[in-house]
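All letters in the sequence shown, in the order written, are residues 1 to 242 by our numbering.
Even glycine gets a Cβ: it sits at the ideal position worked out from N, Cα and C.
First the structure, in the form of structure tokens, and then the observations on it.
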Amino acid sequence: MRLALAALTTASLLTVGALPASATTPAAERPPKTTKGPCAYTETPDDPAVRKVHLPPDPRRTPSKPVKVVLETNHGDITLSLDPAKAPCTVQSFVHLVRHRFYDRTSCHRLTAYDRLKVLQCGDPSFTGSGGPGYRYKDELPTDLPAWPGDPTGERRTYARGLLAMANAGPDTNGSQFFLVYGDSGLRPAYTVFGTVDAKGLAVLDRIAAGGIQPVPDGPTPPVDGLPVLPADIRDARISHR
């Protein structure tokens, strides 16, 4: 079972999963489909797609050309520069979801303001933190992130302001949810980094973060984890050819 939002710690950027499907359902009677290429995108029958989308293409050679994606939001455009040289399977999946309008008319469901975690998390059309594309794929973890200052264990790394990374529910469970880092964050290097946010996009993130987080019963004051006060809606996600 995946951890619920309220149970997440400052080192966690997990997605929330659905209950396992019954053994009597048709989805449980056959093995999940898996693509034959190097990315091995695999169906997740126990966590079906929020919006219907087929498995991404999985060519023998994954693309290496950089890609730009524009997230048109209600606060302004956020341009993402995707880096397939570092995370080809992740970029391939993200572009696939963009092309199939998976992210259109969605809202970012989580804003954090911890000392060591400052991100906006998006990519779930159900707006619950539990939605995904109905498939998973492998991690492509960073190996070049600098150490987090003051961490005596040496385990945490700096996910710097402006990075774009995948949320997950444990090893090799990437789907559609991603997070945009608006302030340097200290995390274990368990989240695939696959691009960066442009300067105008960071200004958009700053405005959303400045609006604060919605309080919850018995939560801390001010709130540090939850729904943004200013709704962060992705109206349209598209590939940019500029």
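Exercise for review: On the DSSP bridge assignment, give the partners of residue 121 in chain order.
Suggested key: 110, 179
Review point. In chain order, what residues of the same chain lie with their CB nearer than 6 Å to the CB of residue 151, ignoring the 5 residues before and after it?
Key: none
Point to revise | Rounded separation between residue 220 and residue 63 - CA only | key: 45 Å
Exercise for review: Within its chain, find whatever has a CB closer than 6 Å to the CB of residue 183; leave out the 5 residues flanking it on each side and keep chain order.
Suggested key: If the five residues before and after residue 183 are omitted, its C-beta is found closer than 6 Å to the C-beta atoms of 118, 161, all from its own chain and listed in chain order.
Check your understanding: Buried or exposed: residue 85, going by 16 or more other Cβ atoms within 10 Å of its Cβ?
Key -> exposed
Review point. Do you know offhand how far residue 223's Cα is from residue 44's?
Key: Each residue's alpha carbon lies about 33 Å from the other.
Check your understanding: Should residue 185 and residue 136 be called a contact, given that it needs their Cβ atoms to be closer than 8 Å?
Key -> no
Point to revise | residue 194: first and last residue of the uninterrupted beta strand (DSSP E) it sits in | key: 193–197
Point to revise | Closest by C-alpha distance to residue 61, when choosing among 37, 102, 217 | key: 37
**Study point:** Between the CA atoms of residue 138 and residue 149 - distance to the nearest angstrom
**Key:** 29 Å
Exercise for review: Consult DSSP for residue 227 and reduce its assignment to one of helix, strand or coil.
Suggested key: Coil, per DSSP.
**Study point:** Selection from 78, 124, 101, 65 that minimises the alpha carbon distance to residue 109
**Key:** 124
Review point. Of the choices 180, 202, 105, whose alpha-carbon is the least far from that of residue 237?
Key: 105
Point to revise | For residue 161, the three-state DSSP class (helix, strand or coil) | key: Three-state result, residue 161: coil.
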